[in-house]
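Each remark here refers to the structure printed beneath this line.
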Amino acid sequence: MNLRTIELTSEQHKALKYGYENGKSTAYRKRCHLVLLKQEGRTSKDIGKIVGLHQVSVNNWLDRYEAEGISGLKTKLGRGRKPILDQQEDAQKVKQEVQRERQRLKRAKAVLEKDLGKTFSTVTLKRFLKIVAG
Numbered sequence: 002m003n004l005r006t007i008e009l010t011s012e013q014h015k016a017l018k019y020g021y022e023n024g025k026s027t028a029y030r031k032r033c034h035l036v037l038l039k040q041e042g043r044t045s046k047d048i049g050k051i052v053g054l055h056q057v058s059v060n061n062w063l064d065r066y067e068a069e070g071i072s073g074l075k076t077k078l079g080r081g082r083k084p085i086l087d088q089q090e091d092a093q094k095v096k097q098e099v100q101r102e103r104q105r106l107k108r109a110k111a112v113l114e115k116d117l118g119k120t121f122s123t124v125t126l127k128r129f130l131k132i133v134a135g
């Protein structure tokens with residue numbers, strides 16, 4: 002069996018190590034780690050056990066790293082569930098309604114759901130308020 006290897010320059014190694022130790026997302030840190038482990042000569046199956054991915058996923062991330070470099074290890078925009086409340090379209094209306102009903106968030110939520118034609122939880126509303134206020 003032919004073991005796949007990755008050769009890294011000292012700059013690439015340094016960037017991957019920094020990403021592994023300081024990356025914002027767990028997924029990004031994990032991906033940097035798997036490239037570093039591959040450079041050590043480990044099998045994709047062993048790496049998968051260490052980082053918690055299937056060996057096919059490990060190989061897919063290695064392919065992406067070889068094609069795009071370290072920036073290819075970042076999660077691309079557009080992944081995941083789309084937000085219910087839009088920061089540009091809904092922020093002003095949400096702020097106004099919450100200001101009017103500041104002691105009764107459930108009432109503000111009910112009015113917003115009716116006005117915006119969207120259904121969401123109180124937790125979603127609180128999370129959205131943190132984002133737009135922050």
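So for the sequence shown, the numbering used here puts the first residue at 2; every next one is plus one.
Every residue gets a Cβ at the ideal spot worked out from N, C-alpha and C, and that includes glycine.
Computed from a predicted model, the values in this text were never measured in an experiment.
Proximity winner among the options, relative to residue i (alpha-carbon distances)
i	options	result
T125	S58, K83, Q13 and E102	K83
L117	I85, L4, V133 and N23	I85
G24	Q40, I71 and L38	I71
E69	Q88, E22, Q13 and E41	Q13
Q40	E114, E67, L113 and V112	E67
T6	I132, T120, G42 and R80	G42
L9	T120, C33 and N3	C33
T120	K110, K127 and R128	K110
K46	G20, K115, L4 and L130	L4
F129	Q88, Q100, E102 and K115	Q88
Terminal residues of the alpha helix (DSSP H) in which residue i lies
i	result
L17	S11 to N23
Beta-carbon separation (whole angstroms), residue i vs residue j, contact threshold 8 Å
i	j	result
K15	L37	Wrong, their Cβ atoms sit about 11 Å apart, outside the cutoff.
L113	E98	5 Å
Residue i at chain B interface by Cβ criterion, 8 Å
i	result
L78	Looking for chain B here will not work: only one protein chain is present.
So, does the segment 41-51 touch the segment 89-97, judging by three or more C-beta pairs under 8 Å? no
Any chance you could list the alpha helix (DSSP H) runs of at least 4 consecutive residues sitting entirely within the segment 33-71, in chain order? Within the segment 33-71, the complete alpha helix (DSSP H) runs of at least 4 residues are 45-52 and 56-69.
Please determine if the segment 25-33 and the segment 71-78 are in contact, where contact requires at least 3 C-beta pairs separated by less than 8 Å. By the criterion of at least three beta-carbon pairs nearer than 8 Å, the segment 25-33 is in contact with the segment 71-78.
Tell me the start and end of each unbroken alpha helix (DSSP H) in the segment 73-124 that is at least 4 residues and wholly inside, in chain order. 92-101 and 106-117, all fully within the segment 73-124.
Touching by the beta-carbon criterion (3+ pairs, under 8 Å), the segment 102-117 and the segment 54-65: no
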